[in-house]
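S.K.: A single structure is presented below for examination.
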């Protein structure tokens, strides 16, 4: 049982997933800092407050914190946009790498002399084996 569990954990895609989660958490920290320390203050300059958290509606002693929801939506949109840009950049890099690999693997055209030698070789093969000359 332990051996199977160890084999499961050491599979390549599980390790890739673990790395992706760690990088995702770190990326999330960076984006949250961007939203809280850069974007929301800019929104505050334009709108008068750096956060929508204070906007509420009170009905019969019940408080609806719609501003907190708006702040979360703004944060989500910015995070989704940043992820979109990062993924597109990664895909573009992968495409460029594949294109470079395809160019490296493209056959080199033969020179005129090489084409003539290939034709002679093919003609000799077509004639079959000949008896040796004395």
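Residue numbers (the working numbering): 267 to 400.
Cβ atoms here follow ideal geometry from the backbone N, Cα and C, with glycine treated the same way.
1. Do the CB positions of residue 301 and residue 365 come within less than 7 angstroms of each other?
2. Just how far apart, CA to CA, sit residue 294 and residue 345?
3. Any idea which residues DSSP pairs residue 330 with across the strands?
4. Do residue 306 and residue 317 count as a contact pair if the criterion is CB distance below 7 angstroms?
5. Taking the alpha helix (DSSP H) that residue 271 belongs to, which residues open and close that run?
6. Locate the alpha helix (DSSP H) running through residue 383, then write down its first and last residues.
7. Do you know how far the Cα of residue 285 is from the Cα of residue 320?
M.R.: Here's the rundown:
1. no
2. 8 angstroms
3. 323
4. Contact flag set, yes.
5. 268-275
6. 378-393
7. 38 angstroms
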